[in-house]
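Student: Our numbering puts the sequence shown at residues 6 to 249.
Here a beta-carbon is modelled for each residue, glycine too, at the ideal position from N, C-alpha and C.
Source: prediction; values computed, not measured.
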Amino acid sequence: MNNNIGLVLIHGAGLNSSIWDELKSEINQTFLTIDFPNRKISDNANQTLTFDDYVNSTIEQIKKWDTKNFIIVAHSIGACVGLKVAEQFKNELKGFVAIGSVIPTNGSSFISSLAFPQKMIMPIILKLFGTKPPKKSIEYELCNDLTDEQTTKITTEFTPEAKRLYTTKINFSLPNTKRLYIQLTNDKSMPFALQNKMAKNLNANKIETIDTGHLPMLSKPKQLATSLSAFVKEIEQDDKTTNC
């Protein structure tokens, strides 16, 4: 079993594990890239999935991974899943990183955690149009600082999620571990003021800022890798001090 600290990378809504490909080449840590269910175009639709289906799928992928200690790195709505997953790995979890993420308070959902008027508008949008936004909306909110090639890949591979991923109210007890929130200053999907609130909800020990849109692992992979590597080293140093 690998005793080094690994990274569990959880993507956001509509995306897949390939968003981390450029980041992986920039980091030295062992990593596991999670895929939510039904990522391939030929797969079944996600309408019938529950929030727990997303959580359980992630837990199963981690259990098959031969790494003793790890940090959960969750992007966007992936943090909602990651917070519940973390409860199952209290002994293994060394840290939690949220990247441009919604962090609900206990008893809240992704949607109810949004700012007004988004929290009022989004349920209507989900009811009328489902969970796959129009191409122009995906380009504006997710791809504003990406290359044309990256944008095409994101819009082409975008997977509609189950509505219950957005609407399920969750309760969680995050293990007592270090927490980092990475804010994104040019994020068209998550307003900066909302990110400030989410960092407080996480009770982050540390807040870092990257000048990027919603997908820093694609637009600024080196800078994101630097932040993650520094966080790992900080945790490793704390462990050495504790064990002395």
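Please classify Leu133 as buried or exposed, where buried requires at least 16 other C-beta atoms within 10 Å of its C-beta.
Tutor: exposed
Student: In angstroms with no decimal places, state the Cα-to-Cα distance between Lys137 and Ala50.
Tutor: Put simply, the backbone Cα of Lys137 is about 12 Å away from that of Ala50.
Student: Pick out whichever of Ile46, Phe41 and Ile32 has its Cα sitting closest to the Cα of Thr161.
Tutor: Cα-wise, what sits closest to Thr161 is Ile46.
Student: Quick check on this structure: which residue in Asn9, Leu28 and Asn33 has the alpha carbon closest to the alpha carbon of Phe75?
Tutor: Asn9
Student: In the DSSP output, what is Asn149 paired with across the bridge?
Tutor: According to DSSP, Asn149 bridges with nothing at all.
Student: Which runs of the beta strand (DSSP E), 3 residues or longer, sit entirely within the stretch 39-92?
Tutor: 72-80
Student: Grouping DSSP H, G and I as helix and E and B as strand, with all else coil, what is Lys168?
Tutor: helix
Student: With H, G and I counted as helix, E and B as strand and the rest as coil, what does DSSP make of Gly11?
Tutor: DSSP, read as helix, strand or coil, puts Gly11 in strand.
Student: Once you ignore the five residues that flank Lys95 on each side, which residues in its own chain have a CB closer than 7 Å to its CB?
Tutor: Taken in chain order, the residues that qualify are Pro180.
Student: What are the boundary residues of the alpha helix (DSSP H) that Thr214 is part of?
Tutor: Segment Lys211 to Ile215 is the beta strand (DSSP E) holding Thr214; no alpha helix (DSSP H) there.
Student: Candidates Lys168, His219 and Lys183: which alpha carbon is nearest Leu54's?
Tutor: Lys168
Student: Checking 8 Å against the spacing of the C-beta atoms, do Glu97 and Lys73 come in under that value?
Tutor: Yes, these two residues count as a Cβ contact at 8 Å.
Student: Kindly indicate which three-state DSSP category Ile108 falls into: helix, strand or coil?
Tutor: coil
Student: Compute the beta-carbon to beta-carbon distance between Ala120 and Ser81, rounded to the nearest angstrom, for a pair I have assumed lies under 8 Å.
Tutor: Not quite, the Cβ-Cβ distance comes to about 15 Å (not below 8 Å), so this is no contact.
Student: Please classify Ser113: does DSSP put it in a helix, a strand, or coil?
Tutor: Strand at Ser113.
Student: Can you give the beta carbon distance from Ile24 to Met222, rounded, assuming they're within the 8 Å contact cut?
Tutor: 6 Å
Student: For Asn181, decide whether its Cβ has a neighbour in chain C, counting only Cβ atoms nearer than 8 Å.
Tutor: The question asks about chain C, but that chain is absent: this structure has only one protein chain.
Student: Can you tell me where the alpha helix (DSSP H) with Gln242 in it begins and where it stops?
Tutor: Pro226 to Asn248
Student: Specify the secondary structure class of Ala103 as computed by DSSP and reduced to three states.
Tutor: Ala103 falls in the strand class under three-state DSSP.
Student: With the cut-off set at 8 Å, would you say Phe115 and Cys148 are in Cβ contact?
Tutor: No, these two residues do not count as a Cβ contact at 8 Å.
Student: Cα separation between Gly83 and Phe101?
Tutor: 12 Å
Student: Measure the Cβ-Cβ separation of Ala204 and Tyr186 and say whether it is below 8 Å.
Tutor: yes
Student: Between which two residues does the beta strand (DSSP E) carrying Leu179 extend?
Tutor: Element bounds for Leu179: n/a, residue is neither H nor E.
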